Structure formats: C-alpha cells, structure tokens
Amino acid sequence: MKLYRFSPIKTKDELLKAIEHVHFESYRLCKQSFGKYFANAENMGIFCQYDDEYETLTNIRKELTEESDNMKQKYFRLLEPIVIPAKGDVPEQTYSYLYIRRPDPYRHQVGDADFYLPPEKYAKLKQEMLAGKKVKGARIFDRPDLDMIELYAPDIDVLTYVSTSTIAESVRVKLSEHTKL
Numbered sequence: 008m009k010l011y012r013f014s015p016i017k018t019k020d021e022l023l024k025a026i027e028h029v030h031f032e033s034y035r036l037c038k039q040s041f042g043k044y045f046a047n048a049e050n051m052g053i054f055c056q057y058d059d060e061y062e063t064l065t066n067i068r069k070e071l072t073e074e075s076d077n078m079k080q081k082y083f084r085l086l087e088p089i090v091i092p093a094k095g096d097v098p099e100q101t102y103s104y105l106y107i108r109r110p111d112p113y114r115h116q117v118g119d120a121d122f123y124l125p126p127e128k129y130a131k132l133k134q135e136m137l138a139g140k141k142v143k144g145a146r147i148f149d150r151p152d153l154d155m156i157e158l159y160a161p162d163i164d165v166l167t168y169v170s171t172s173t174i175a176e177s178v179r180v181k182l183s184e185h186t187k188l
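For the sequence shown, position 110 matches number 117 in our numbering, and the numbering has no gaps at all.
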C-alpha cells in the first residue's frame, strides 16, 4: 500500500501532477468551507515526505524558478508561470510562485495553496470566527507569525490558507523559525 498519493515525487511531470492536484483540492476546500471561491494568491507549495524527495524536488525547482540571493527566500518566482485550465466551475489559474517544503512528520499533505480576501472582509471573517462562528473545515491558523485561516478536511490531502493579499505575498519569504523550509 502506498501511504502518500504522490510521494516520493521523482520527475518534473510527477511534480506538475501534484501541483494540479493541490490546485483543484484547494478550490474544493474553499468551496466546502465558504460556498464560493476566493481570489488565488498564485502561491503553490509542495510538501516532501522523504529527504531524498526534497533534494530531487529542490533541484527540479531550481530549473523552474529564478535564482535568489535572499537566504530567507521560501517561495521562488517561476520562470514560466504554471497555468491550470478551468475545469467545471473551478476557474483557470496561474501560479507564479513555488516552494518545496522539507519533510515534516506532522504534515502528510501533498501541498498547499493560498487564497485572499480584501482586508476588511478578512478582518470581519476572522473576528466572527474568534467570536465563536463555526465554519466547516476552517480554523484560525495557530502560528504567532502569520495571520491566516487554515482550511482542511480529513478526506482531502491538501491544506489551503486564506488571508489578505499582503499576508499572502509576505509568506513568500521566511518570516520566522516556525516556517519549515
């Protein structure tokens, strides 16, 4: 029995299949929690489950992305954005940033994607949740360095995050030691 849907990912084609999976499952999570889709921040993360997979995917990522001399760089700008065509009611989406995350025994998911709301709508949603409003499959992300709402479901092997566009852009750089690169 294979424990992980995609891991270990060994080729660019396998990586692209995982990216497509994370894309559609992230939209599914958003719709399950909120009944609609939010704006996509163009960030895509793929989670490694094995050390050698991390090495392999980091090398593939280097072929696909711009170099950076910033030691805190987490997401890297893709040389050619990845465009995933519309399917059903899920809109076409372009991803401009990619990160490859080191193995983490507490994160079995394939990856994550980020959505955003205008600041006033995000603040209202977060305040309602802090006041006790239950949103199926959504919780305030428990990280002191990030102001985000995490979307999850036990039958979906992807995580999705909702924040403001400012936060969605700021996560492209390592913000603290909580960040797993």
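For each residue, glycine too, the CB sits at the ideal point set by N, CA and C.
Because the structure is a prediction, the values reported are computed rather than measured.
Original post:
When you compare only the Cα positions, how much space is there between histidine 115 and phenylalanine 54?
Top reply: On the sequence shown, residue 115 is found 108 positions in, with the first residue counted as 1. On the sequence shown, residue 54 is found 47 positions in, with the first residue counted as 1. Going by C-alpha positions, histidine 115 is about 8 angstroms away from phenylalanine 54.
Subject >> Whole alpha helix (DSSP H) elements within the stretch 36 to 102, 4-residue minimum >> reply: Counting only runs of 4 or more, we get 58 to 71.
Original post:
Can you give the Cα-Cα distance for tyrosine 123 and aspartate 58, rounded to whole angstroms?
Top reply: The residue given as residue 123 occupies position 116 in the sequence shown. The residue given as residue 58 occupies position 51 in the sequence shown. Taking the straight line joining both Cα atoms gives about 31 angstroms.
Subject >> Three-state secondary structure (DSSP) of aspartate 164 >> reply: Within the sequence shown, numbered from 1, the residue matching residue 164 stands at position 157. Note: aspartate 164 maps to strand in three-state DSSP.
Original post:
Is the Cβ-Cβ distance between lysine 79 and valine 180 less than 8 angstroms?
Top reply: Position 72 of the sequence shown, counted from the first residue, corresponds to residue 79. Position 173 of the sequence shown, counted from the first residue, corresponds to residue 180. Cβ atoms of lysine 79 and valine 180: closer than 8 angstroms.
Original post:
Do phenylalanine 41 and valine 97 have their C-beta atoms within less than 8 angstroms of each other?
Top reply: Within the sequence shown, residue 41 is the residue found at index 34, counting from 1. Within the sequence shown, residue 97 is the residue found at index 90, counting from 1. No. Outside cutoff.
Subject >> Exposure label - glutamine 56; buried when at least 16 CB within 10 Å >> reply: Position 49 of the sequence shown, counting from 1, holds the residue named residue 56. Under this definition glutamine 56 is a buried residue.
Original post:
So, tyrosine 102 versus glutamate 49, is the Cβ gap smaller than 8 angstroms?
Top reply: Along the sequence shown, one-based indexing puts residue 102 at 95. Along the sequence shown, one-based indexing puts residue 49 at 42. Here tyrosine 102 is near glutamate 49, since their CB atoms are less than 8 angstroms apart.
Original post:
How would you write the range of the beta strand (DSSP E) that isoleucine 16 sits in, first residue to last?
Top reply: As a first step, residue 16 is located in the sequence shown; it is residue number 9 there, counting from the start. Neither: isoleucine 16 is in no beta strand (DSSP E) and is coded neither H nor E.
Original post:
Can you tell me the Cα-Cα spacing of serine 183 and arginine 108, whole angstroms?
Top reply: For the purposes of this step, residue 183 is taken as the residue at position 176 of the sequence shown. For the purposes of this step, residue 108 is taken as the residue at position 101 of the sequence shown. Reliability fails at serine 183, whose pLDDT of 48 lies under 50, so the model's placement of it is uncertain and the value that follows must be treated cautiously. For serine 183 and arginine 108, the distance between alpha carbons rounds to 15 angstroms.
**OP:** Give me whichever residues DSSP pairs with arginine 146 in a beta bridge.
**Re:** To locate residue 146, count along the sequence shown from 1; it is residue 139. Note: arginine 146 sits in a beta bridge opposite Glu157.
Original post:
With a CB to CB cut of under 7 angstroms and the five nearest residues on each side skipped, what residues in its chain are close to leucine 10?
Top reply: In the sequence shown, counting from the first residue as 1, residue 10 sits at position 3. Once the five neighbours on either side are set aside, leucine 10 has no close Cβ partner at all.
**OP:** Take glutamine 100 as the anchor and find which of Phe13, Ala120, Pro15 has the nearest alpha-carbon.
**Re:** On the sequence shown, position 93 is the one that residue 100 refers to. Among Phe13, Ala120, Pro15, the Cα nearest to that of glutamine 100 is on Ala120.
Subject >> Given leucine 86 as reference, the closest of Tyr104, Asp76, Ala93 once Cα atoms are compared >> reply: The residue you call residue 86 lines up with position 79 of the sequence shown. Out of Tyr104, Asp76, Ala93, Tyr104 has the C-alpha closest to the C-alpha of leucine 86.
**OP:** Can you give me the start and stop residues for the alpha helix (DSSP H) that tyrosine 129 sits inside?
**Re:** Here residue 129 refers to the residue found at position 122 of the sequence shown. Counting along the chain, the alpha helix (DSSP H) containing tyrosine 129 begins and ends at 126 to 137.
Subject >> Three-way DSSP call (helix, strand, coil) for valine 169 in this model >> reply: Here residue 169 refers to the residue found at position 162 of the sequence shown. Judged by DSSP in its simplified three-state form, valine 169 adopts strand.
Subject >> C-alpha distance - asparagine 66 paired with lysine 19, whole-angstrom precision >> reply: The residue given as residue 66 occupies position 59 in the sequence shown. The residue given as residue 19 occupies position 12 in the sequence shown. Whole-angstrom Cα-Cα distance: 10 angstroms.
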